[in-house]
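As structure tokens, the structure follows; a few thoughts come after it.
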Amino acid sequence: MTVKIFRTKQELQQELSGIRQENKVITLVPTMGALHQGHLSLINFAKPLTDITVCSIFVNPTQFNDPKDLEKYPRPIENDIALLESVDCDILFMPSVEEMYPENDPEWHIDLGNLDQIWEGEHRPGHFQGVTQIVYKLFDLVKPNKACFGQKDFQQVMVIQKMIEIKKLDIELLICPIVRSEKGLALSSRNARLSEEGKENALTIIQSLRYIKDNFGNQSVSELLNKAKAIIAANPALELEYLSICETTTLAPAQEIEAGKEYVALIVAWVENVRLIDNILLSH
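As structure tokens, then:
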């Protein structure tokens, strides 16, 4: 199936206004391109729940701290289009930076409390302000009934959920489970930068998370974290940046497990100078 491609807001709005008049359900899947099976799983996850799937590809400059990172970000657009067509995506929106950030664009700031200051926010200052800025622009443009994000960027999902609440948007957030390789490595565009040995070493990340999940509720938070950190420390190829067990909505570190609350273990570790992020949902 050929995906319809739009590069300007005006063209996209014309297309979508006709679809809205037919009362069709529209789901937005925002991406930065360099698509892999994890991204495609978002579209496959959304397809049965929607009439029209809109994917956006936009490498958003306001969420990069390092200009070199922005420069290095892969943009294999022909391949991305072929992948979207393989999963029957209906519409692709692929704007320029000028289209999304015109001159005299108003300053953006949203008060997310502590949510954009901790974990990823601490290591990438301003990152979530950039994420909310572009996602709000896309929500405002597409006016979707639903939006689909991957659980892999768990903090990002919680940030978007909070923005939806603050802005009182009538959008249902769909959270798609993490897609993993057969051995358990979370799929990421960054995995392409790992050697085969690096990919093997990176499996220590999911091993530490699975230890926490398997023993959750039977050991204290500090015991779980100590044992999981020991699993990481036993592999010299890994450098741990952070590992924490948090409440899902606030992402505040849990001191002890309380019945009826939901938790998530968040981890970031470095392998071969590649920063890998992962998480696992916990319940008992």
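Per my numbering, the very first residue in the sequence shown carries number -10; after that it's consecutive.
Ideal Cβ positions, reconstructed from N, Cα and C, are used throughout, including at glycine.
Query, Result
"Alpha helix (DSSP H) segment containing L232, residue limits", "Note, L232: premise wrong, no alpha helix (DSSP H); beta strand (DSSP E) at L227 to E236."
"Cβ pair G22, L176 closer than 7 Å", "no"
"In chain order, each beta strand (DSSP E) run of at least 3 residues that lies wholly inside the stretch 96 to 155", "135 to 139"
"F205 Cβ short of 6 Å to the ligand FAD heavy atom set", "Annotation note on the ligand FAD: not contained in the displayed structure, which lists no ligands."
"Short Cβ contact (7 Å threshold) for T39 with T16", "yes"
"Inter-stretch contact (C-beta, 8 Å, three-pair minimum) for the stretch 41 to 51 and the stretch 73 to 87", "yes"
"Proximity below 7 Å, CB of E261 to CB of G187", "yes"
"Whole beta strand (DSSP E) elements within the stretch 142 to 220, 3-residue minimum", "161 to 165"
"Under the three-state DSSP convention, the category D69 falls into", "helix"
"Local conformation of A248 per DSSP, three classes", "coil"
"Inter-residue spacing [alpha-carbon to alpha-carbon] between T(-3) and E185", "41 Å"
"Separation of F143 from V210, as counted between CA atoms", "20 Å"
"Segment contact flag, the stretch 118 to 125 with the stretch 46 to 55, C-beta cutoff 8 Å, min 3 pairs", "yes"
"Counterpart residues of D267 in DSSP-defined beta bridges", "I256"
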